[in-house]
Amino acid sequence: MSYVESAISVILVIFGILAVETRNLRYSAYLLGIAGILGAALAGLSPHAIEASMVLLVYGVAVPSMMLYVLRKLPPVEREPVGGGTSMALLALIALTVFAAGGTLVRGLTWYQQLAVAMFIVGLYALLVKGNIAKFAVGLAIIDEGLHLCSVFSATEYVGGVVMIQSALCSLITLTVVGMVLYLALLAYQKTGTINSWSLRRLVG
Amino acid sequence: MTCLIAPECILSVLLIGALLEFVMPKNRNGIPTTVFSILAFIAASYGAKLAILDGEAVDTLTVLFNVEGLGALTGWLVLLLGALAMIASLSYMSEEEQSLQREYYVFSALFIASMYGMAVAADLLTLYIFLEIVTVVSTVLVIHDRRPESIEAGLKYLVLCSIGASVLLISAVLLLSQQTTLRFTDLAEFFLENKETLDMGFVNMCFVAFFLGLGVKAGIVPVHFWLPDALAEAPAPISALLSGAMIQVATCAMIRSVLAMRPVITAEMVQIMIVVGIITILLGALLALVQTDIKRLLAYSSIDEIGYIVLGLGLGTGTTVGLYGAVFHIINHALVKGMLFLISAALIVTVHERDMRKLGGLVKVIPGTAFAFMVGALSLGGVPPLNAFYSKFLIYKAAFDAGYPAITWLAVIASFIALGYYLRAGHMIFFGELKVHSNPEVKKTPLSIAFAVGVLCTLSILIGIFPQYVLQIVEKALGGLIK
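So this is what it looks like as structure tokens:
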């Protein structure tokens, strides 16, 4: 693991955390875009450098643009922010420690697998703790970006061809899922006047 | 001829059906999707016969698909239920707005196609891609009427299933790092050849990714939250597909993945599957017991039945009886639960009511539907000689033989609980005083729904009378995987 990959990975995770924690959803989209550009830079260093364009297109451009488009019709700031900054700071510290140790802390995991794990945790945090439907889209995009980058570095020449095409398809699928979540956010706002998922709880039992 | 039964052709037929919806006159919505679903079912039936009964390879046009025993069987089930659900939809959707009808049929065709793609996927990434397509497409169907409740159900379903799919993707990424291809056939060889050298951490993570990733879609406890809401809020024919086809396809994918790992499966993993299976059975049965909405009752009952399949899978890693029981129960549950959800569609069309407390005495108005309901109720209640009795019995036997008498008794008790809540539901809906007597809108079950229910009811009774033939099919379908 070179210093360049290490540095980009750490910055990528930090931008992921910032995208999840930022209260203003518009800034959240910008930060997600920067994370996408960083992911593309990282993918450019992989054996399948051509994947960088797909990462850039999906996570750097399409997902943030879609978010910004939908946010024109949604409240720009989370109304009822859920606390979690402290836990996120702790999480970030753990992630940084893992990266700084050069992959020796988690036995058997390579640096790109650790990157995927860190981004999975950050995304899962957004999905489970943040009660905002737009943040669900951010969380899902972060999880999938981590896994996509991991698959780009994992795939060898032996399994390259078909896997890379499928990997590109996976990115498009991510785009569809994120789009669907944003559409649901829009629908929820039109029907109930809020995108806070905690206040949408009507089905019980 | 063989080209016509290739999975790619079957998918194309369904997509053509969806596209034709856009050019049909307004009062002819649903006809292309229904006709092309039936054509796809006929083609898949021939393919399944070749793959399972004749043991021949079915040609595919790409490397993405592989029509082998279990995949061919579940694919056939998906298209059977898909065709019947579309036939039933012709009556169920007839009073909807034209634009909503078109949306419904287009996405239904895509839903059936993507489930079929999942069933015959040759490798993990193709499975993941179709899993996500199924999630997105069926979310549109769950939120069909755009009420806040259905939006909540759709959101829960979309987010949970997307997390599940991402967990499944972890297994693909992990396996890629081991320089293996992701085809199910190669995975079995990979685990067999490297069982001595593989790191246990890697094996454990692969197992968790397969079991949890596909378990979310299958609705196992504790990741079942989406299931009752989505099944209750979706239009009833779609609930029949979600419960009868989608969760069965996910469970079959779980069986294929876990069986590929068979050489490295540890006793702890088997125990995890058995414990999750029995908790899923008990929780599903107990929660179904307190429901008053017929669709929520059927949804919790689906969780209950999926528990039996997971229990059979857990036991099936050591003994083939459990595995046969699990796959046999997949067939039985698909047919019976599909039928019961279509009966709920009939209730919604005839009396516009889902709350069982407000229903009663309908046997006088819709006796055929009442008969079919009782067949389904007794079958899933584990009463002989109906079809689900045999599959449940195989699972009990596997549990008892494997040295789990307590688990066996708990599963038997849960089956009695199921019989109890189904008989209670049957009594509330069909017997006693006719509560909707004064309602002038009460009408007979529409012909298309009656036909779909009739086909599924006949199949359930026939399997109950001749279970040995279906068991032979199950044995042949599992032949390659067990080897």
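If you read the protein sequences in the order shown, they are chains H and Y. Here the working numbering runs 5 ahead of the position in the first sequence, where the first position is 1. Here the working numbering runs 444 ahead of the position in the second sequence, where the first position is 1. Cβ atoms here follow ideal geometry from the backbone N, Cα and C, with glycine treated the same way. In this text, all values refer to a predicted model and were calculated from it rather than measured experimentally.
What is the DSSP secondary structure of G776 of chain Y, counted as helix, strand or coil? Taking the first residue of the second sequence as position 1, residue 776 of chain Y is located at position 332. The question names Gly, but residue 776 of chain Y in the sequence shown is Asn. Correct three-state label for N776 of chain Y: helix.
Does the CB of V60 of chain H have a neighbour CB from chain Y at under 9 Å? Mapped onto the first sequence, residue 60 of chain H falls at position 55. False, the Cβ-Cβ gap to chain Y never drops below 9 Å.
Between the CA atoms of E677 of chain Y and A790 of chain Y - distance to the nearest angstrom: One-based indexing of the second sequence puts residue 790 of chain Y at position 346. One-based indexing of the second sequence puts residue 677 of chain Y at position 233. Using only the alpha carbons, I get a separation of about 16 Å.
Just reading off the alpha helix (DSSP H) that W670 of chain Y is part of, what are its end residues? In the second sequence, the residue the question calls residue 670 of chain Y occupies position 226. W670 to E677 is the extent of the alpha helix (DSSP H) around W670 of chain Y.
So for N137 of chain H, helix, strand or coil by DSSP? For the purposes of this step, residue 137 of chain H is taken as the residue at position 132 of the first sequence. Residue state, collapsed to three classes: strand.
State the CB to CB distance for the pair I13 of chain H and A48 of chain H, rounded to an integer number of angstroms; the pair is presumed to be in contact (CB under 8 Å). Within the first sequence, numbered from 1, the residue matching residue 13 of chain H stands at position 8. Within the first sequence, numbered from 1, the residue matching residue 48 of chain H stands at position 43. Contact doesn't hold; Cβ gap of about 10 Å is too wide.
Taking the alpha helix (DSSP H) that Y834 of chain Y falls in, what are its first and last residues? The residue you call residue 834 of chain Y lines up with position 390 of the second sequence. Start and end: N831 to D845.
Give me the subset of the segment 611–641 of chain Y whose CB atoms are less than 8 Å from a CB atom of chain H, sorted by chain position. L613, I614, A616, V617, L618, L620, S621, Q623, T624, T625 and L626
Determine whether the Cβ of Q171 of chain H lies closer than 9 Å to any Cβ atom of chain Y. Here residue 171 of chain H is taken as the residue at index 166 of the first sequence, counted from 1. Q171 of chain H counts as touching chain Y.
Can you give the Cα-Cα distance for T738 of chain Y and M800 of chain Y, rounded to whole angstroms? Working through the second sequence from its first residue, we reach residue 738 of chain Y at position 294. Working through the second sequence from its first residue, we reach residue 800 of chain Y at position 356. Looking at the sequence provided, one finds Ile at residue 738 of chain Y rather than Thr. If I take the Cα positions, the gap works out to 6 Å.
Who are the neighbours of S606 of chain Y on chain H, taking C-beta pairs under 7 Å? The residue you call residue 606 of chain Y lines up with position 162 of the second sequence. Result: L145 and V182.
Cβ contact check for the segment 567–577 of chain Y and the segment 515–535 of chain Y: 3 or more pairs under 8 Å: no
Please confirm whether F20 of chain H has its beta-carbon closer than 9 Å to some beta-carbon of chain Y. Taking the first sequence and counting its residues from 1, one reaches residue 20 of chain H at position 15. Chain Y, which has no Cβ nearer than 9 Å to the Cβ of F20 of chain H, makes this no.
Check whether the segment 448–468 of chain Y touches the segment 635–642 of chain Y, taking contact to mean three or more Cβ pairs, one atom from each stretch, closer than 8 Å. no
Could one say the Cβ of R700 of chain Y lies closer than 9 Å to chain H's Cβ atoms, at least one of them? Along the second sequence, read from residue 1 onward, the residue named residue 700 of chain Y stands at position 256. Answer no: the Cβ-Cβ gap between R700 of chain Y and chain H never drops below 9 Å.
Taking buried to mean at least 16 other C-beta atoms within 10 Å of its own C-beta, is D417 of chain Y buried or exposed? A question about residue 417 of chain Y goes unanswered here, because the residues of chain Y that appear run from 445 up to 927.
Name, please, each residue of chain Y whose Cβ falls closer than 8 Å to the Cβ of L205 of chain H. Within the first sequence, numbered from 1, the residue matching residue 205 of chain H stands at position 200. Those within 8 Å of L205 of chain H in chain Y are P592, I595, E596 and L599.
Does the distance from the C-beta atom of R546 of chain Y to that of L192 of chain H stay below 9 Å? Start at 1 with the first residue of the second sequence, and residue 546 of chain Y comes out as number 102. Start at 1 with the first residue of the first sequence, and residue 192 of chain H comes out as number 187. No, these two residues do not count as a Cβ contact at 9 Å.
Residue from Y:I851, Y:G721 and Y:S594 whose Cα sits closest to the Cα of Y196 of chain H: Working through the first sequence from its first residue, we reach residue 196 of chain H at position 191. The residue you asked about is not Tyr; residue 196 of chain H is Lys in the sequence shown. Ranking Y:I851, Y:G721 and Y:S594 by Cα distance to K196 of chain H puts Y:S594 first.
Beta bridge counterpart(s) of D737 of chain Y as assigned by DSSP: Indexing the second sequence from 1 puts residue 737 of chain Y at position 293. Y:D799.
Under 9 Å between C-beta atoms, does V603 of chain Y make it to chain H? Residue numbering aside, residue 603 of chain Y sits at position 159 when the second sequence is read from its first letter. At least one chain H Cβ lies under 9 Å of V603 of chain Y.
9 Å is my cut-off, CB to CB: does A193 of chain H come that close to chain Y? Locating residue 193 of chain H in the first sequence gives position 188, where the first residue counts as 1. Closer than 9 Å: yes.
What number of angstroms, rounded off, separates the C-alpha of V719 of chain Y from the C-alpha of G561 of chain Y? Residue 719 of chain Y sits at position 275 when you count from the first residue of the second sequence. Residue 561 of chain Y sits at position 117 when you count from the first residue of the second sequence. Roughly 31 Å between the two C-alpha positions.
Given A896 of chain Y, which residues of its chain have a CB within under 6 Å of its CB, disregarding the five upstream and five downstream residues? Sequence index remark: in the second sequence, residue 896 of chain Y carries index 452 (1-based). Non-local C-beta neighbours of A896 of chain Y in its own chain, meaning closer than 6 Å and more than five positions away in sequence, comprise L528, I531, A532 and L786, ordered along the chain.
Need the endpoints of the alpha helix (DSSP H) that M72 of chain H sits in, please. Reading the first sequence from its first residue, position 67 is the one you call residue 72 of chain H. Segment V68 to L76, the alpha helix (DSSP H) holding M72 of chain H.
Can you find a CB in chain H that lies within less than 9 Å of the CB of V584 of chain Y? Position 140 of the second sequence, counted from the start, is the residue given in the question as residue 584 of chain Y. Chain H contact via Cβ: present.
Rounded to the nearest angstrom, what separates P86 of chain H and G136 of chain H at their Cα positions? The sequence position of residue 86 of chain H within the first sequence is 81, counting from 1. The sequence position of residue 136 of chain H within the first sequence is 131, counting from 1. Any reading at P86 of chain H needs caution, since the residue's pLDDT is 49, under 50, leaving its predicted position unreliable; the model's value is listed next. Distance between the alpha carbons of P86 of chain H and G136 of chain H: 8 Å.
Could you check how far apart the C-beta atoms of A609 of chain Y and D673 of chain Y are, in whole angstroms? I think they sit under 8 Å. Position 165 of the second sequence, counted from the start, is the residue given in the question as residue 609 of chain Y. Position 229 of the second sequence, counted from the start, is the residue given in the question as residue 673 of chain Y. Actually they are not in contact, since the Cβ atoms of A609 of chain Y and D673 of chain Y sit about 19 Å apart, beyond 8 Å.
Residue ranges of each alpha helix (DSSP H) run of no fewer than 4 residues wholly in the segment 630–665 of chain Y, ordered along the chain? 644–662
What first and last residue would you give for the alpha helix (DSSP H) that runs through E1000 of chain Y? The first residue shown for chain Y is 445 and the last is 927, placing residue 1000 of chain Y beyond what the model contains.
Measure the alpha-carbon distance for D643 of chain Y versus F466 of chain Y and round it to whole angstroms. Counting from one through the second sequence, the residue named residue 643 of chain Y turns up at place 199. Counting from one through the second sequence, the residue named residue 466 of chain Y turns up at place 22. Rounded to whole angstroms, D643 of chain Y to F466 of chain Y spans 53 Å at the Cα level.
Please name the residue, chosen from H:E56, H:I126, H:G41 and H:G151, that lies closest to A67 of chain H on a Cα-to-Cα basis. In the first sequence, counting from the first residue as 1, residue 67 of chain H sits at position 62. Comparing Cα-Cα distances from A67 of chain H to each of H:E56, H:I126, H:G41 and H:G151, the minimum goes to H:G41.
Using a Cβ cut-off of 9 Å, pull out every chain Y residue sitting near K196 of chain H, in sequence order please. For the purposes of this step, residue 196 of chain H is taken as the residue at position 191 of the first sequence. Ordered by position in chain Y, the residues that pass the 9 Å Cβ test against K196 of chain H are R590, R591, P592 and I595.
How many angstroms separate the CA atom of K493 of chain Y from the CA atom of I19 of chain H? Position 49 of the second sequence, counted from the first residue, corresponds to residue 493 of chain Y. Position 14 of the first sequence, counted from the first residue, corresponds to residue 19 of chain H. Taking the straight line joining both Cα atoms gives about 55 Å.
Can at least three beta-carbon pairs, one atom from the segment 546–559 of chain Y and one from the segment 579–590 of chain Y, be found at a separation below 8 Å? yes
Could you pull out every residue in the same chain whose Cβ sits closer than 8 Å to the Cβ of I607 of chain Y, ignoring the five residues on either side in sequence? Translated into the one-based positions of the second sequence, residue 607 of chain Y becomes position 163. V660, listed in sequence order.
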